[in-house]
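Colleague:
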Amino acid sequence: MVTPRNVPGVTFQNGRVEVHGHRGARGLRPENTLPGFAYALELGVDAIEFDVGLTADGVVVVNHDQALSPLTTTDTAPATPGDPLFPYVGRDIRDLTLAQIRTVDAGVRRIGPGQDGDPLILTQLPLPGTRLPTLAEVCELLHGLDGICPAVELKTDPGWPDDEIRRFVVAVAEVLDAFGLLARSRFLAFDWRVLAEARSHAPQAARVALVERKTLAAGTGWLAGLSPDDPTAAAVAAGASVISPEHHLVTSQLVHDAHGLGLPVAVWTVNDPGDMARFIEYGVDAIVTDYPDRLHQVLTSYDLPRPAPCTPAAHLP
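Going by the numbering used here, the sequence shown opens with residue 50, and the numbers climb by one from there.
(1) Give the DSSP-derived three-state secondary structure of Arg158 in the structure shown.
(2) According to DSSP, simplified to helix, strand and coil, what is Ser118?
(3) Is the region 84-100 touching the region 190-199, taking contact as three or more C-beta pairs under 8 Å?
(4) Is the region 65-82 close to the region 335-344, with three or more CB pairs under 8 Å?
(5) State buried or exposed for Glu67, treating a residue as buried only when at least 16 other CB atoms are found within 10 Å of its CB.
(6) In whole angstroms, what is the alpha-carbon distance linking Gly32 and Leu194?
(7) Could you give the distance in angstroms between the alpha-carbon of Trp241 and the alpha-carbon of His69?
(8) Find out if the Cβ-Cβ distance for the pair Lys204, Gly102 is shorter than 7 Å.
(9) Please list the terminal residues of the continuous beta strand (DSSP E) segment that includes Cys198.
(10) Terminal residues of the continuous alpha helix (DSSP H) containing Arg216?
(11) Label Glu213 either buried or exposed according to how many other C-beta atoms from any shown protein chain fall within 10 Å of its C-beta, with 16 as the threshold for buried.
(12) Suppose contacts are defined by Cβ-Cβ distances below 7 Å. Is Val316 in contact with Val333 by that definition?
(13) Could you check what DSSP says for Ala267 in three-state terms: helix, strand or coil?
(14) Taking the Cβ atom as the reference point for each residue, do Val157 and Pro177 lie within a distance shorter than 7 Å?
(15) Can you pull the DSSP bridge partners for Ala255?
Spelled out as structure tokens, the structure:
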């Protein structure tokens, strides 16, 4: 296994593979919701990974895409009678207010147009009536749970102006700081300008450089002007504390190279137990999964430590 490494906001140690609940426990409960996060905590995770956006009225809310997706959200009723923006599903988060987003039901996953099947529908328990939470509500859920890391992905893209990136990072940092969670938080981003802003405005938090094939394409605008030819070296140059590649990109050589540069590796999204075992043998530091329960079983088979289950003290609405 890998040599111990300590970076701001995160500690990886020899013989330990972290369990990261992807959007909570997306394979088992509705993604990016308080019940989903609570269930992941009850299974046992080291980090809760989730996505955030900034509403038109400046509130940080939890949602995977920049827009409300018909796969995971359903309109119920307008926030005010005759609201010209209704229906809200399909609209960008930053064009909607918190009141408008609060009307959306996020508790039932649906099959999208042109999709033959969705394996998550077969295993995810529907919870109709579940709403999208704010970042503050997630912080309330995690407050007092020592050792649980909020892994917050900021959803932007290269088309965003720099000042919007800065405003978004500052807003997220302010919420985390208000709950005393900033020092154990992780800022995740495919748009690496977020990492630079996080280094300036939240230096005590870890910065996670997300990588997928799309963001490594020639002429990419995702890496803040850095070359995609050597992703690990580019991540170091971007000021990342951790590199987090999609599982298709992860090889034993990539893990070796990253560790040689002092970068822990968090691979996503890994749901097959065989793949989990392979990445453990590669020496990755964390595995992001929709099924924390499956990863627990694999860790047990390797006689590796597992995060303990915990119950949040905060009341779920």
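The C-beta atom is built at its ideal place from N, Cα and C for all residues, glycine as well.
Modeller: In short, the structure shows the following:
(1) coil
(2) When secondary structure is reduced to three states using DSSP, Ser118 falls in the coil class, being assigned neither helix nor strand.
(3) yes
(4) yes
(5) buried
(6) The first residue shown for the chain is 50 and the last is 366, placing residue 32 beyond what the model contains.
(7) Their Cα atoms are separated by approximately 21 Å.
(8) yes
(9) Cys198 to Leu203
(10) Asp211 to Ala227
(11) exposed
(12) yes
(13) coil
(14) Cβ atoms of Val157 and Pro177: closer than 7 Å.
(15) Arg235
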